[in-house]
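Worksheet: one structure, shown below.
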Amino acid sequence: NAHVIGKVRTTITLVDPVSSAFTPGVDHVFITTLNPTGSSLLFSTFFGPGEGREVVADNAGNIYATGRTFGNLPVMNAIQPNPGGGSSTIDAFVAKIEVQKIRARRPKFDFDGDGKADVSIFRPDSGAWYLLNSLNGSSDTQFGLSSDKIVPADYDGDGKTDVAVWRESNSTWYIMQSSSNSMRANQFGANGDKPAPADFDGDGRADLAVYRPSDGRWYILQSSTNSLRADQWGVSEDKPVPADFDGDGRADLAVFRPSQSTWYILQSATNSFRGQQWGLGT
4 NAHVIGKVRT TITLVDPVSS AFTPGVDHVF ITTLNPTGSS LLFSTFFGPG EGREVVADNA
64 GNIYATGRTF GNLPVMNAIQ PNPGGGSSTI DAFVAKIEVQ KIRARRPKFD FDGDGKADVS
124 IFRPDSGAWY LLNSLNGSSD TQFGLSSDKI VPADYDGDGK TDVAVWRESN STWYIMQSSS
184 NSMRANQFGA NGDKPAPADF DGDGRADLAV YRPSDGRWYI LQSSTNSLRA DQWGVSEDKP
244 VPADFDGDGR ADLAVFRPSQ STWYILQSAT NSFRGQQWGL GT
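Number 107 in the numbering used here belongs to position 104 of the sequence shown; there are no gaps in the numbering.
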């Protein structure tokens, strides 16, 4: 991703802003993040009156910004929460913005990494994937068998969806990693499981995960620690529908219950339960 910092006196497009406060005619710090191709705005915020000087990102994607301010900045866990005083009306600032705000905006099925979901199909009879990339046209690739279940997701954290399948007969995930164009195979799950990959730990990579209807449990292999997580959430008839429903950068455990036409979501931000009736059972 590309990060930009500076100052503006006009309004800008905001995306998940830390602060939206703006005073016309006054310089304001702005911080913006674009996807690798520069075609999609992932994050954009005002950061109070002043001017931005430098912006960098660490290996996890967290943003660190510096500059000077002559107003009130949005403050959280600050070492020095108040202006320094004295004869000067200008103070320096250093700020960190957590990566989750940016990761939460990555679309599914973005095979070319331009920030837009691509039209795509899997043809079981031939094991072929046909991708209509929004950035650079169409492509096709042979990957998988007719009995496989497709599980495309960004497993390597490069911002692109990887072509992937789960083979129930041997409980194996086969992933074509877009970052290296190399295949990865991992055995995880059991016969009868429903594959449900998502980024449950918020590290920017999809975790191998299955929902087991027989016991209503989720089994997740967290990519950040390579450790197993098991949680009970759901009943045998449920369909797993994990996604980041609360916007904290981590996928929530969620199921759709056809008999009640109800979504049951365990929100990771607050560990609280949410139920919503929406849809039909058929």
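Beta carbons: idealized from backbone N, C-alpha and C, even for Gly.
On a predicted model such as this, the values are computed, not experimentally measured, just so you know.
* beta strand (DSSP E) containing Glu57: first to last residue? -> Membership of Glu57 in the beta strand (DSSP E) is indicated by the continuous run Leu44 to Ala60.
* Do Thr164 and Pro155 have their C-beta atoms within less than 8 Å of each other? -> In this structure, Thr164 places its C-beta atom within 8 Å of the C-beta atom of Pro155.
* Could you have a look at Leu138 and say whether DSSP puts it in helix, strand or coil? => DSSP places Leu138 in coil when its eight states are reduced to three.
* Exposed or buried, what is Leu231 when buried is set at 16 or more other beta-carbons lying within 10 Å of its beta-carbon? -> So Leu231 counts as exposed.
* Mind reading off the beta-carbon distance from Leu283 to Ser271? Whole number of angstroms is fine, and I expect it under 8 Å. => Taking the Cβ atoms as the reference, Leu283 lies roughly 28 Å from Ser271, outside the contact range of under 8 Å.
* Asked: Excluding five sequence neighbours on each side, which residues of the same chain lie with their C-beta closer than 7 Å to the C-beta of Ser149?
  -> Hits under 7 Å: Pro127, Asp128 and Gly130.
* To do: With distances taken Cα to Cα, identify the nearest neighbour of Asp204 among Leu138, Ile268, His31 and Asp251.
  => Taking each of Leu138, Ile268, His31 and Asp251 in turn and checking the Cα distance to Asp204, the smallest one comes out for Asp251.
* If Asp202 and Ala254 are in contact, beta carbons under 8 Å, what's the gap, nearest whole angstrom? -> That pair is a contact at about 5 Å.
* Looking at C-alpha atoms only, which residue of Gln225, Arg109 and Ala95 is the closest neighbour of Gly53? -> Scanning Gln225, Arg109 and Ala95 for the CA closest to the CA of Gly53 turns up Ala95.
* Asked: Any idea what DSSP makes of Tyr177, helix, strand or coil?
  -> Residue state, collapsed to three classes: strand.
* Below 7 Å CB to CB, which residues in the same chain sit around Lys119 once its five sequence neighbours on both sides are set aside? => Result list for Lys119: Ser43, Pro110, Asp113 and Ser137, in chain order.
* Thr72 - partner residues in DSSP beta bridges -> Paired residues: Gly53 and Asp94.
* Which whole-angstrom value is the C-beta distance of Thr36 and Gly51, which I expect to be below 8 Å? -> That belief does not hold up - the Cβ atoms of Thr36 and Gly51 are roughly 18 Å apart, past 8 Å.
* Nearest-angstrom Cα separation, counted from Asn139 out to Arg170 -> Arg170 and Asn139: Cα-Cα distance of roughly 30 Å.
* How many whole angstroms separate the CB atoms of Gly195 and Ser181, which I take to be in contact at a CB cut-off of 8 Å? -> Between Gly195 and Ser181, the beta carbon gap of about 30 Å keeps them out of contact (Cβ cut-off 8 Å).
* Contact under 8 Å by Cβ, Asp125 with Ile153 -> Reading off the sequence shown, one finds Phe at residue 125, where the question assumed Asp. Contact flag set, yes.
* Asked: By Cβ distance, which residues of its chain are closer than 6 Å to Lys197, with the 5 residues on each side in sequence left out?
  -> Closer than 6 Å at the Cβ level, and outside the excluded window around Lys197, lie Tyr214 and Pro243.
* Return helix, strand or coil for Arg253, following the three-state DSSP convention. => Note: Arg253 maps to coil in three-state DSSP.
* **Residue range of the beta strand (DSSP E) that includes Tyr222** => Residues Arg220 to Gln225.
* To do: Could you tell me whether the Cβ atoms of Ile15 and Glu57 are closer together than 8 Å?
  => No; because the gap between Cβ atoms is not below 8 Å, this pair is not in contact.
* Where Gly116 and Val122 are concerned, what is the direct C-alpha to C-alpha distance, given to the nearest angstrom? -> Their Cα atoms are separated by approximately 13 Å.
* Asked: Can you name, in chain order, every residue of its own chain whose Cβ lies under 8 Å from the Cβ of Asp61, other than the five neighbours on each side?
  -> Within the same chain, Tyr67 come within 8 Å of Asp61 by CB-CB distance, once the 5 residues on both sides are set aside.
* **Nearest-angstrom Cβ-Cβ length linking Ala212 and Tyr222, presumed shorter than 8 Å** => Yes, they are in contact, since the Cβ atoms of Ala212 and Tyr222 sit about 7 Å apart, within 8 Å.
* **Spatially closest choice to Pro200 from Glu240, Ala257, Asn184 and Met186, by CA coordinates** => The shortest Cα separation from Pro200 among Glu240, Ala257, Asn184 and Met186 belongs to Ala257.
* To do: At 3 residues or longer, and completely inside the stretch 136-217: list those beta strand (DSSP E) runs for me, N to C.
  => Taking only runs of at least 3 residues, the beta strand (DSSP E) segments lying wholly in the stretch 136-217 are 140-145, 166-170, 175-180, 185-190 and 211-215.
* **Separation of Asp30 from Asp234, as counted between CA atoms** => Each residue's Cα considered, the two are about 49 Å apart.
* Asked: With a Cβ-Cβ cutoff of 8 Å, do Val32 and Gly55 count as a contact?
  -> Going by C-beta atoms, Val32 is nearer than 8 Å to Gly55.
* DSSP bridge partner residues for Val11 (one or two, in chain order) -> For Val11, which the question treats as bridged, DSSP gives the partners His31.
* Would you mind reading off the limits of the beta strand (DSSP E) that contains Thr26? => Counting along the chain, Thr26 sits inside no beta strand (DSSP E), nor does DSSP assign it H or E at all.
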